[in-house]
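One structure is given here, and the rest of the page talks about it.
In our numbering, the protein residues as written are 22 to 345.
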């Protein structure tokens, strides 16, 4: 609903009232003050109505430039207080479902360039041109707000160059490649380590835990083992033990193990799987073996090396050679 509130604010520049925009829709102006989720199709129709009422084909640019991190609720707060842009993007990637169930994010790193992919989860709900511009311009502008620095990069979009594009080219933060297979933002890998203006490690850890709990509540279909998997690791702190996770869930260790057993899972298996996932990510980031071992909770590098070979069939050094 916060995105609809943003749309209402933007079309007001053309003297279009909330009542005019929402006329004929299932949304009443009073609903704008409620914390609730809005059907994707309803928002798409209202976005199209906003273009029709204002006559502004470039409405997506206006929306993207006005999109603030605070529009994203709890996940927005977690992003704002993250330590680095990398951490902020990982939070966005992990918890985007709290704000939009039709989209997912993928961050891939290749040498000195990395790419943030915006994937459409449901085929029946593809992004419109206006919606795609809204999201991509919004992500780019939020990146500058979070870091306090001028950022540049390249955007990839699936559609051909719109006739109104040249009017807004001066506000973009880099080049745009049209008729590409995916929606994405590419930028220098060094940006990932930029510190955020409002970084607060303690607040960030608390916010991430709240996001995990809210995501589990929102997606009632999610397995209990998935919640445990989310809670067993924190980027800022590292891995938690069985007692710690049970405390977070306000239950005994016996109850936690019993619920996992109902899904044919065990805490040790989940811990091992999560360690493997984190290890592979840290290896791709070329972190020192000693740092990775410490982050994974191993007492020394040899224990980490044995575990890594069990996971991949390769030693850490051989794995790095394959990446080169």
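By construction, the Cβ of each residue, glycine as well, lies at the ideal position given by its N, Cα and C atoms. Values in this document were obtained by computation on a predicted structure and should not be read as measured data.
What is the DSSP secondary structure of residue 140, reduced to helix, strand or coil?
Here the question's residue 140 lines up with position 119 in the chain shown. Residue 140: strand per DSSP, three-state reduction.
Status (buried if at least 16 other CB within 10 Å, exposed otherwise) for residue 107
Numbered from its first residue, the chain shown carries residue 107 at position 86. Under this definition residue 107 is a buried residue.
Mind reading off the beta-carbon distance from residue 151 to residue 81? Whole number of angstroms is fine, and I expect it under 8 angstroms.
Looking up residue 151 in the chain shown gives position 130. Looking up residue 81 in the chain shown gives position 60. Residue 151 to residue 81, Cβ: 4 angstroms. Contact.
Counted within 10 angstroms of its Cβ, other Cβ atoms place residue 143 as buried (16 or more) or exposed
Here residue 143 refers to the residue found at position 122 when the chain shown is read from its first residue. That one is exposed.
Do the segment 82-100 and the segment 221-232 touch if we need at least three Cβ pairs shorter than 8 angstroms?
yes
Among the residues of its own chain, which have a CB less than 8 angstroms from the CB of residue 267, if the five just before and after it don't count?
By one-based count along the chain shown, residue 267 stands at place 246. Only 273, 274, 276 and 277 meet the Cβ criterion.
Between the segment 279-290 and the segment 244-263, do three or more beta carbon pairs fall short of 8 angstroms?
yes
Under 8 angstroms Cβ to Cβ from residue 62, same chain only, skipping five residues before and after it: list those, please.
Sequence index remark: in the chain shown, residue 62 carries index 41 (1-based). Contacts found: 146.
Residue 26 versus 201, 256 and 43, residue with shortest Cα-Cα distance:
Reading the chain shown from its first residue, position 5 is the one you call residue 26. It is 43.
Classify residue 158: buried if its beta carbon has 16 or more other beta carbons within 10 angstroms, exposed otherwise.
Taking the first residue of the chain shown as position 1, residue 158 is located at position 137. Buried, because 16 or more other Cβ atoms sit within 10 Å of the Cβ of residue 158.
Based on the DSSP secondary-structure assignment, which residues constitute the bridge partners of residue 208?
Taking the first residue of the chain shown as position 1, residue 208 is located at position 187. Answer is 135.
I think residue 193 touches residue 135, with their Cβ atoms under 8 angstroms apart; what is that distance to the nearest whole Å?
Numbered from 1 along the chain shown, position 172 holds the residue referred to as residue 193. Numbered from 1 along the chain shown, position 114 holds the residue referred to as residue 135. Contact flag wrong, Cβ pair sits at about 19 angstroms.
Whole angstroms are fine: how far does the CA of residue 47 sit from the CA of residue 241?
Translated into the one-based positions of the chain shown, residue 241 becomes position 220. Translated into the one-based positions of the chain shown, residue 47 becomes position 26. In this prediction, residue 241 scores a pLDDT of 47, lower than 50, which makes its location untrustworthy; the coordinate-derived value is nonetheless stated afterwards. If I take the Cα positions, the gap works out to 25 angstroms.
Would you kindly check if the distance between the Cβ of residue 74 and the Cβ of residue 32 is under 9 angstroms?
Translated into the one-based positions of the chain shown, residue 32 becomes position 11. Translated into the one-based positions of the chain shown, residue 74 becomes position 53. Yes, Cβ-Cβ distance for residue 32 and residue 74 is below 9 angstroms.
I'd like to check one pair, residue 94 with residue 155: are the Cβ atoms closer than 9 angstroms?
Translated into the one-based positions of the chain shown, residue 155 becomes position 134. Translated into the one-based positions of the chain shown, residue 94 becomes position 73. Result no, Cβ atoms of residue 155 and residue 94 do not sit closer than 9 angstroms.
Are the segment 118-125 and the segment 187-203 touching, with three or more C-beta to C-beta distances below 8 angstroms?
no
Residue range of the beta strand (DSSP E) that includes residue 23
Within the chain shown, residue 23 is the residue found at index 2, counting from 1. Not the beta strand (DSSP E): residue 23 falls in the alpha helix (DSSP H), residues 23-32.
First and last residue of the uninterrupted beta strand (DSSP E) at residue 196
Counting from one through the chain shown, the residue named residue 196 turns up at place 175. Here the beta strand (DSSP E) through residue 196 covers 195-198.
I need the boundaries of the beta strand (DSSP E) containing residue 318, first residue and last residue.
Locating residue 318 in the chain shown gives position 297, counting from the first residue. Note, residue 318: premise wrong, no beta strand (DSSP E); not H, not E.
With 16 other Cβ atoms within 10 Å as the buried cut-off, status of residue 163:
The sequence position of residue 163 within the chain shown is 142, counting from 1. Counting Cβ neighbours within 10 Å, residue 163 comes out buried, since at least 16 surround it.
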